[in-house]
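Residue numbers (the working numbering): 114 to 325.
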């Protein structure tokens, strides 16, 4: 009787593990090769700024969306480096966090990663959310479009009866005056990072994320 049921039991144990392993090559394929050289540095920065349980995969997903890990990237509007930070924002960050960032150096990968993580922390300290995922979605919307717009959109959402502490399906539906193109880009930004890219980096072993 033992031999009769042993094979099915082994299959039940082995097959799920095989399925998990089969996802690893696909995850690696979805993560740009350029990302791997910055993995240790990003992990160090996130742990220093957000603690040892900081969501490294989330920040990796944000860099993925911003620059695809190209440290010399420059957008048509002037955003620079891995974190695609605008020059005016870079200047403000350097003045606000001199001991952390020092002089502005957007094409230095370490500086750019530190600026992105530091700016996200600054935003998170000023934003409340129903949970960590909702709050970080608002952090990302603010990183992309400015904290002022988030405040206006949230105020409008609340006035219309929506939950001002929830981004997905709530605040994200309301536009306090942005152009259609800017609104569309801003709403896509948190969704791509948290609902698409974050899972790739978790599967590739970059640690935890805020929404997955």
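Here a beta-carbon is modelled for each residue, glycine too, at the ideal position from N, C-alpha and C. Please read these numbers as outputs of a predicted model, since none were measured by experiment.
### Message
Could you compute how far the alpha carbon of residue 183 sits from the alpha carbon of residue 241?
### Response
About 32 Å.
### Query
Which partner residues does residue 187 have in the DSSP bridge list?
193, per the DSSP bridge assignment.
### Whether residue 204 touches residue 217 by CB criterion (8 Å)
Against a cut-off of 8 Å, the Cβ pair of residue 217 and residue 204 comes out as a contact.
### Task
Mind checking who residue 198 pairs with in its DSSP beta bridge?
Looking at the DSSP output, residue 198 shares a beta bridge with 193.
### Query
Rounded to whole angstroms, how far is the Cβ of residue 169 from the Cβ of residue 320, which I believe are closer than 8 Å?
For residue 169 against residue 320, the beta-carbon gap comes to about 4 Å, under 8 Å, which counts as contact.
### residue 246 versus 324, 149, 159, residue with shortest Cα-Cα distance
Out of 324, 149, 159, 324 has the C-alpha closest to the C-alpha of residue 246.
#### Entry: the segment 145-156 / the segment 222-239 touching (three or more Cβ pairs under 8 Å)
Segments in contact, yes.
### Query
Leaving out the 5 sequence neighbours to the left and right, which residues in its chain are closer than 7 Å to residue 162 when beta-carbon positions are compared?
Contacts found: 230, 231, 234.
### Task
Please check the pair residue 209 and residue 194, which I expect to be a contact at CB under 8 Å, by giving their CB distance rounded to whole angstroms.
The pair is not a contact, with the Cβ atoms about 18 Å apart (cut-off 8 Å).
#### Entry: For residue 303, three-class secondary structure by DSSP
Helix.
### Query
In or out: residue 277 buried (at least 16 other Cβ within 10 Å) or exposed?
Here residue 277 is buried: its Cβ has 16 or more other Cβ atoms, across all protein chains shown, within 10 Å.
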